[in-house]
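Asker:
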Amino acid sequence: MRRGARRGGARCVGARIRQRAWQTGKARGFYARQASPGSHWKVFIVSVIRKKSLQNEPLLPWLPDSHIVTVENRGEFFVRRFQHSNPSAPTLLLLHGWTGCADTNFFSAYRQLAEKYSFVAIDHRGHGRGLRSQTPFTLEDCADDAAMVLAQLGIANVVVVGYSMGGPVGMLLWRQHPQVVASVVLCATALEWCATRAERNRWRVGRLLAPVFRMVSTPAVISRVVRRAMGRKSEIASLRPWIVGETRRNDAWAINQAGRALSRYDAREWARGIDVPVAVVVTTKDTLVLPHKQHALAGATAAHVVSLDADHMAVMNAPDKFATALRIAVDHVAFIGK
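First residue of the sequence shown? That's 1200 in the working numbering, and the numbers climb one at a time after it.
Written as structure tokens, this is what we have:
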């Protein structure tokens, strides 16, 4: 009886081990059949191999030095700044998109851009480590913020690089402070997002659901959103925890206000007046900013077009392709007239 009991107990323990191994493997995305004895060891081995491979991948990308720039009567701004060894190298101003920050938007391009350029990357108000303000978010204020930061840093003119929401901010910077803008690169952005009734209705629904979005913006939800944006076989999977952490820095109220500002933005009446060189990176698989809208922007600004075979989240799911396309666009406009 004791032997039988021991055997029965061993079988129970073995079953629990196999079940535990299966659950662990499933939770981590590892799938294995349990048809044969010892299959739980296969799951364990696969898990160990996966962990070993992740240990060799970076947990953080290369990031330039960070600075806090204090602007009188405005506040403190978080910026990344890289100074090229060549003092005559053009300086870029990197303006990120909605719900992102400078690092999550441009980390994959920092190294390529640093080969030829100096640059400053700023977190917009309410995004990342950006300024926390009690006044409603406006794109015009973001443009003024950027101009004041440049003045504080002693930078006279820049190549403006705007991604998604950063595009309108960059165009408004030219409109409000034309003396600081030498040329413009616009990526995955448009002249407006309110031309059709369907677009206006989507923004209205978004405003109604804003309180719900703020309530459900938990770490788990943000992690799932980032995982989906990165894609299944992401080459930067090891950076996911860092991207999630940076995204959690956003101020939900300001993000909602930024969405409202985007819904009202319309540059169709004045964009043709931009009198500096312009390049547009068109994300050809974009479902958030449709390619025809991006081409309309390029046409209105007489821009040089660089096509990027990716969607709106190219910065995460096609980081190398995005970095290369951005560098090509910058190269096209940065040295014109020099």
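For each residue, glycine too, the CB sits at the ideal point set by N, CA and C. Keep in mind the model is a prediction, meaning the values are calculated, not measured.
What's the C-alpha gap between S1287 and R1399?
Answerer: Residue 1287 sits at position 88 when you count from the first residue of the sequence shown. Residue 1399 sits at position 200 when you count from the first residue of the sequence shown. Using only the alpha carbons, I get a separation of about 45 Å.
Asker: Going by C-alpha to C-alpha distance, which of L1312, V1480 and N1449 sits closest to A1495?
Answerer: The residue labelled residue 1495 in the question sits at position 296 within the sequence shown. That would be V1480, whose Cα lies nearest to the Cα of A1495.
Asker: Less than 8 Å between the C-beta atoms of R1280 and P1263, yes or no?
Answerer: Position 81 of the sequence shown, counted from the first residue, corresponds to residue 1280. Position 64 of the sequence shown, counted from the first residue, corresponds to residue 1263. Cβ atoms of R1280 and P1263: closer than 8 Å.
Asker: Which residues in the same chain as A1308 place their Cβ atom closer than 6 Å to its Cβ, once the five residues preceding and following it in sequence are excluded?
Answerer: Taking the sequence shown and counting its residues from 1, the one referred to as residue 1308 is at position 109. Hits under 6 Å: A1522 and L1525.
Asker: Taking only runs of the alpha helix (DSSP H) that begin and end inside the segment 1275-1343, which ones reach a length of at least 4 residues, in chain order?
Answerer: Listed in chain order, they are 1301-1313.
Asker: Given a cut-off of 8 Å, decide if V1360 and L1372 are closer than it, judged by their beta-carbon atoms.
Answerer: In the sequence shown, the residue the question calls residue 1372 occupies position 173. In the sequence shown, the residue the question calls residue 1360 occupies position 161. Taking 8 Å as the Cβ cut-off, L1372 and V1360 do not qualify as a contacting pair.
Asker: Assuming A1457 and F1336 form a contact by the criterion Cβ under 8 Å, report the distance between their Cβ atoms to the nearest whole angstrom.
Answerer: Position 258 of the sequence shown, counting from 1, holds the residue named residue 1457. Position 137 of the sequence shown, counting from 1, holds the residue named residue 1336. About 5 Å; that satisfies the 8 Å criterion.
Asker: In angstroms, rounded to a whole number, what distance separates the CA positions of M1515 and G1329?
Answerer: As a first step, residue 1515 is located in the sequence shown; it is residue number 316 there, counting from the start. As a first step, residue 1329 is located in the sequence shown; it is residue number 130 there, counting from the start. In a straight line, the C-alpha of M1515 is about 21 Å away from that of G1329.
Asker: Where DSSP assigns a beta bridge to D1264, which residues make up the other side?
Answerer: Translated into positions along the sequence shown, residue 1264 becomes position 65. Partner(s): R1280.
Asker: Tell me the rounded alpha-carbon separation between R1374 and S1382.
Answerer: Within the sequence shown, the letter at position 175 stands for residue 1374. Within the sequence shown, the letter at position 183 stands for residue 1382. C-alpha separation (whole angstroms): 12 Å.
Asker: Would you report the Cα separation of S1265 and E1391, rounded to the nearest angstrom?
Answerer: Along the sequence shown, read from residue 1 onward, the residue named residue 1265 stands at position 66. Along the sequence shown, read from residue 1 onward, the residue named residue 1391 stands at position 192. Their Cα atoms are separated by approximately 32 Å.
Asker: Could you check whether the Cβ of G1444 sits closer than 7 Å to any heavy atom belonging to the ligand HEM?
Answerer: Annotation note on the ligand HEM: not contained in the displayed structure, which lists no ligands.
Asker: Quick one: using the 10 Å Cβ neighbour count with 16 as the cut-off for buried, is K1432 buried or exposed?
Answerer: Within the sequence shown, numbered from 1, the residue matching residue 1432 stands at position 233. Classification of K1432: exposed, given that the 10 Å Cβ count is below 16.
Asker: At 3 residues or longer, and completely inside the segment 1351-1431: list those beta strand (DSSP E) runs for me, N to C.
Answerer: Listed in chain order, they are 1357-1362 and 1380-1386.
Asker: Return the CA-CA distance between V1532 and D1302, expressed in angstroms with no decimal places.
Answerer: By one-based count along the sequence shown, residue 1532 stands at place 333. By one-based count along the sequence shown, residue 1302 stands at place 103. Spanning the two alpha carbons is a distance of roughly 23 Å.
Asker: Identify, in the order they occur along the chain, each residue of the same chain with its Cβ nearer than 8 Å to the Cβ of V1368, setting aside the five sequence neighbours on each side.
Answerer: By 1-based counting over the sequence shown, the position of residue 1368 is 169. So the list reads L1294, H1323, L1338, C1341, A1342, A1345 and G1361, once near-sequence residues are dropped.
Asker: Applying the criterion that 16 or more other CB atoms from any shown protein chain within 10 Å of the CB defines a buried residue, is Q1484 buried or exposed?
Answerer: Mapped onto the sequence shown, residue 1484 falls at position 285. According to the sequence shown, residue 1484 is Lys rather than Gln. Looking at its Cβ environment, which holds fewer than 16 other Cβ atoms inside 10 Å, K1484 is exposed.
Asker: In whole angstroms, give me the CA-to-CA distance for A1387 and A1501.
Answerer: As a first step, residue 1387 is located in the sequence shown; it is residue number 188 there, counting from the start. As a first step, residue 1501 is located in the sequence shown; it is residue number 302 there, counting from the start. When rounded, the distance between both Cα atoms is 16 Å.
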